[in-house]
Amino acid sequence: MKKGFLVSSLCASLASLTSCDNPSHNRGSSDIIKKTNISPSFFSNRTAENADTQKAQKALFLSCSHILDHENREITHQKCVDTILWKNVCLKVNNLLQSPLSNGKFIAFLKENFDAISLEKNKEETGFMTGYFQPELKASLTKSDIYKYPIYRHPDDLILIPDLAPFTSQAKGIRIAGRLKDNKLIPYATRSDINAGYLEGRNLEIAYVKDPIDLFFMHIQGSGKLIFENGHTQTLFYAATNGKAYKAIGKFLIDQGFLDSKTVTMATIKHWLRHNPDQAQDILNKNESYVFYQKAPSECHENPLGAQNTPLTPFASVATDPHYLPIGSLLWIKTDHPQIASRFVVAQDVGGAIKGPLRADFYCGSGVTAGNLAGALKQNTKFVVLRPKK
Numbered sequence: 287m288k289k290g291f292l293v294s295s296l297c298a299s300l301a302s303l304t305s306c307d308n309p310s311h312n313r314g315s316s317d318i319i320k321k322t323n324i325s326p327s328f329f330s331n332r333t334a335e336n337a338d339t340q341k342a343q344k345a346l347f348l349s350c351s352h353i354l355d356h357e358n359r360e361i362t363h364q365k366c367v368d369t370i371l372w373k374n375v376c377l378k379v380n381n382l383l384q385s386p387l388s389n390g391k392f393i394a395f396l397k398e399n400f401d402a403i404s405l406e407k408n409k410e411e412t413g414f415m416t417g418y419f420q421p422e423l424k425a426s427l428t429k430s431d432i433y434k435y436p437i438y439r440h441p442d443d444l445i446l447i448p449d450l451a452p453f454t455s456q457a458k459g460i461r462i463a464g465r466l467k468d469n470k471l472i473p474y475a476t477r478s479d480i481n482a483g484y485l486e487g488r489n490l491e492i493a494y495v496k497d498p499i500d501l502f503f504m505h506i507q508g509s510g511k512l513i514f515e516n517g518h519t520q521t522l523f524y525a526a527t528n529g530k531a532y533k534a535i536g537k538f539l540i541d542q543g544f545l546d547s548k549t550v551t552m553a554t555i556k557h558w559l560r561h562n563p564d565q566a567q568d569i570l571n572k573n574e575s576y577v578f579y580q581k582a583p584s585e586c587h588e589n590p591l592g593a594q595n596t597p598l599t600p601f602a603s604v605a606t607d608p609h610y611l612p613i614g615s616l617l618w619i620k621t622d623h624p625q626i627a628s629r630f631v632v633a634q635d636v637g638g639a640i641k642g643p644l645r646a647d648f649y650c651g652s653g654v655t656a657g658n659l660a661g662a663l664k665q666n667t668k669f670v671v672l673r674p675k676k
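Note that the numbering used here gives residue 587 to position 301 of the sequence shown, counting from 1, and the numbers run on in steps of one.
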């Protein structure tokens, strides 16, 4: 087994494990989803492609390792691929992909073991893809006039209910968070409440950063890497949220006429906030959702864990809506973006803004370059699902 695969598997085992249930594709939507088996033409066309598949092979290997490890675990709220359907092919993957295959051999393996299923929504086969990344922020372990914005760990009064199904079947898959007051569960503090000092004095600070805007965008990305003045680094994984729904401040800025929908990116949003400091905090508080973090083990400083609890692979991991594209799904995407083009990817994460069957968020990696790509990524995308043959 390659060392990189071994370390990545170890990171997943050291993190808190997430179990999965079988996907439910009916969310009460009126959308008509058409699935068409296009295997012969699909695999014939892929043989002629020169796309690098090694990143996808790594992501698939890690995903299958997780699927096999969890095949007999207790079922909970997450929406993942059917382990019964995937078990046999994952055994083959973990045997065959301990060392990368050539593109041709990988395509031949897929052709032998998978059907290619094209997706259409309401007769439309083109979906949409954005990007995300792992930010890197300069930080300090102590508060100062420069480093004064805290990053918080999971508060002890935050109660998470991962699935309301035990209370009522009509609420299956709905997650809530709150705190107890007079023996009643009430909503947790908002971003505004927390920024105003709700968590101060409780020793929950992991570190402090310079810039509240960069911290806000780290909340959106879900994970981050801290860089300290002595050169040491610390990767942070997502631990929980305060239970509030994510609201895109970019949409608010567009609705107010501050930004143009045709040119809005993460960079233009940051630029506006930095040049309007008197309004910036109020704008940030429009998104009431607040993210809490946990320190990653030292072995896991390369890439964050996604919702599957496997390390994300840059340019091969995507976030999807698991009600339609379950966690662990192998996909082929086609875009016009010169850096992404057409490639195989694995659904290993979820996102609050990622909704519907033809929607994905593309993991671009860590740092400034990845952030520039992710912040500007808005691509029409075609999706094909690779489903294990029965």
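The beta-carbon is built from N, C-alpha and C at its ideal position, and this holds for glycine as well. Owing to the predicted nature of the structure, the values given are computational and were not obtained by experimental measurement.
- By the neighbour-count definition (other C-beta atoms within 10 Å, threshold 16), Phe578 is a buried residue.
- Taking 7 angstroms as the cut-off, the beta carbon of Arg673 is found no closer than this to the beta carbon of Tyr576.
- Glu410 counts as exposed, since fewer than 16 other beta carbons sit within 10 angstroms of its beta carbon.
- If you look at Pro498, you'll find it in the alpha helix (DSSP H) that goes 498-507.
- About 7 angstroms separates the Cβ atoms of Phe630 and Leu616, confirming a contact at the 8 angstroms cut-off.
- With a cut-off of 8 angstroms on Cβ pairs, the segment 411-426 is not in contact with the segment 395-403, counting fewer than three such pairs.
- By the Cβ-count criterion, Gln665 is buried, with 16 or more other Cβ atoms from all chains shown falling within 10 Å of its own Cβ.
- Annotated three-state conformation of Phe669 is strand, per DSSP.
- Under the 10 Å beta carbon count, Asn516 is surrounded by fewer than 16 other beta carbons and is classified as exposed.
- Cβ-Cβ separation between Pro643 and Ile319: approximately 5 angstroms, consistent with a contact (criterion under 8 angstroms).
- Assigned with DSSP and collapsed to three states, Leu512 falls in strand.
- Ser426 carries a strand assignment under DSSP once its states are collapsed to helix, strand and coil.
- Unbroken beta strand (DSSP E) runs of no fewer than 3 residues, entirely contained in the segment 350-410, are found at 400-407, following chain order.
- In the structure shown, Gly483 adopts coil according to DSSP, grouped into three states.
- Remark: three or more beta-carbon pairs, one from each stretch, lie closer than 8 angstroms, so the segment 503-523 and the segment 581-596 are flagged as touching.
- A contact is defined here as three or more CB-CB pairs under 8 angstroms, and the segment 524-531 meets this definition with respect to the segment 462-471.
- Straight across, the Cα-Cα distance linking Lys530 with Pro441 is about 15 angstroms.
- For Leu471, same chain residues with a beta-carbon under 6 angstroms away, outside a window of 5 residues either side, are Gly464 in chain order.
- One thing to note: Gly417 has its Cβ no nearer than 7 angstroms to the Cβ of Ala602.
- By the neighbour-count criterion, in which a residue is buried when 16 or more other Cβ atoms sit within 10 angstroms of its Cβ, Gln384 is exposed.
- Between Gly413 and Thr621, the C-beta gap is not smaller than 7 angstroms, which leaves the two residues out of contact.
- With 16 or more neighbouring CB atoms inside 10 Å of its own CB, Leu598 falls in the buried class.
- Rounded to whole angstroms, Thr454 and Ile619 show a C-alpha spacing of 37 angstroms.
- Check the Cα spacing between Val495 and each of Lys467, Thr519, Pro436: the tightest is with Pro436.
- Residue nearest to Ser584 within the set Asp568, Asp546, Leu522, Arg560 is Leu522 (criterion: CA-CA distance).
- Buried is the label assigned to His352, since at least 16 other Cβ atoms lie within 10 Å of its Cβ.
- Nearest neighbour of Cys350 by Cα position, chosen from Phe329, Val632, Glu335, turns out to be Val632.
- For Arg332, the CB contacts under 7 angstroms within the same chain, skipping 5 residues up- and downstream, are Ile393 in chain order.
- Under the DSSP definition of a beta bridge, Asn323 partners with Ile403.
- Cα atoms of Ile445 and Leu485: separation of roughly 15 angstroms, rounded to the nearest angstrom.
- In the structure shown, the three-state DSSP call for Arg332 is helix.
- Per DSSP, the beta-bridge partners of Leu471 are Leu466.
- At least 7 angstroms separates the beta-carbon of Arg439 from that of Leu501.
- In the three-state scheme derived from DSSP, where H, G and I count as helix and E and B as strand, Gln420 is classed as strand.
- Partner residues in the beta bridge of Gln520, as assigned by DSSP, are Leu512.
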